[in-house]
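Read in order, the letters of the sequence shown correspond to residues 1 to 242 in UniProt numbering.
Cβ atoms here follow ideal geometry from the backbone N, Cα and C, with glycine treated the same way.
Input: a single structure, listed below in structure tokens.
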Amino acid sequence: MFPLAAARKQGMRVAVFFGCITIAHALAPGLSLKTGNDLTLTPALSKYANDKVGKYLERYDDVLQSASLQMKVEHRGHDREHQGLDAHIAEITATCVDKQVIRVEQSSDDMYASLDKLSDRLGRVLRKYKDRKNSKRSAVRTSAISEAMDDVDDENDDENDAAIDIATDAASASSSVPLPETPWTLVRKKTFPMPPISVEEALLCLEYIDHDFYVFRNKESNEINVVYKREGSGVGLIEPEQ
């Protein structure tokens, strides 16, 4: 469960700073707890998070390298006329020993409830990942994934792909043309290690994150590509024009 006392007893390196707890170990996965500006990491919340998430990190420590748990509160729908909702979000990003990234996010109106949901979901995903990793049918799965990619060659009739084409054309226009104002504001920026992987490996990554897309560096071209789930069925691949 990665409590501080047990961590020190096991020889782990423990650091506490700015309300965050970071635990690192050379063999077992480490758990990093972080909170947003609107959430205080109390001892009770820290222990609950360690207990709920840590049990699965211990159970699957043979395949995990590290994990980062972030807890935050987002104010949704707040304005002068509406009180809106406070979404308590728990998000964990785990890196496996084979560099596979597993990401799970859950939200509710209470952080403890969000951690309950996150723990249940994380356990299912890790069990599925380990079972699949140990399966002797991995070669068959890779072949099936390759066949699935063949089904996305013709995407011109798909509305989503048409929207992507329009966005690409707009981005290719001359920079001297003034862009219209947008109501969107950049509120978050993330950086991730991006070692080159194959399309098949990227599709595996897509299965283990709570997103409809996965950004990766294609080891064949060394370019940034995106695989995404289509609304109907199958998956798509976006790559820069050569």
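- CA-to-CA, the gap between Asp131 and Pro193 works out to about 25 Å.
- About 6 Å separates the beta carbons of Cys96 and Leu64, which is inside the 8 Å limit, making them a contact pair.
- Where Gly236 is concerned, the enclosing beta strand (DSSP E) starts and stops at 235 to 238.
- Between Tyr208 and Ile102, the gap from beta carbon to beta carbon is short of 8 Å.
- Here Met71 carries a strand assignment [DSSP, helix/strand/coil].
- In the DSSP assignment, Asp61 falls outside any alpha helix (DSSP H), carrying neither H nor E.
- Taken through DSSP and simplified to helix, strand or coil, Asn225 comes out as strand.
- Remark: three or more beta-carbon pairs, one from each stretch, lie closer than 8 Å, so the segment 112 to 128 and the segment 38 to 58 are flagged as touching.
- Under the DSSP assignment, Val125 falls in the alpha helix (DSSP H) whose first and last residues are 111 to 134.
- Here Ile92 is not near Val73, since their CB atoms are 8 Å or more apart.
- For the options Asp98, Asp109, Leu39, Ala90, the alpha carbon positioned closest to that of Leu118 is the one of Ala90.
- Per DSSP, the unbroken alpha helix (DSSP H) holding Leu203 starts and ends at 199 to 207.
- A distance below 6 Å between beta-carbons, with the five flanking residues on each side excluded, links Tyr214 to the following residues of its chain, in chain order: Ala202, Cys205, Leu206, Val227.
- Scanning Asp110, Ser108, Leu115, Asn134 for the CA closest to the CA of Asp62 turns up Asn134.
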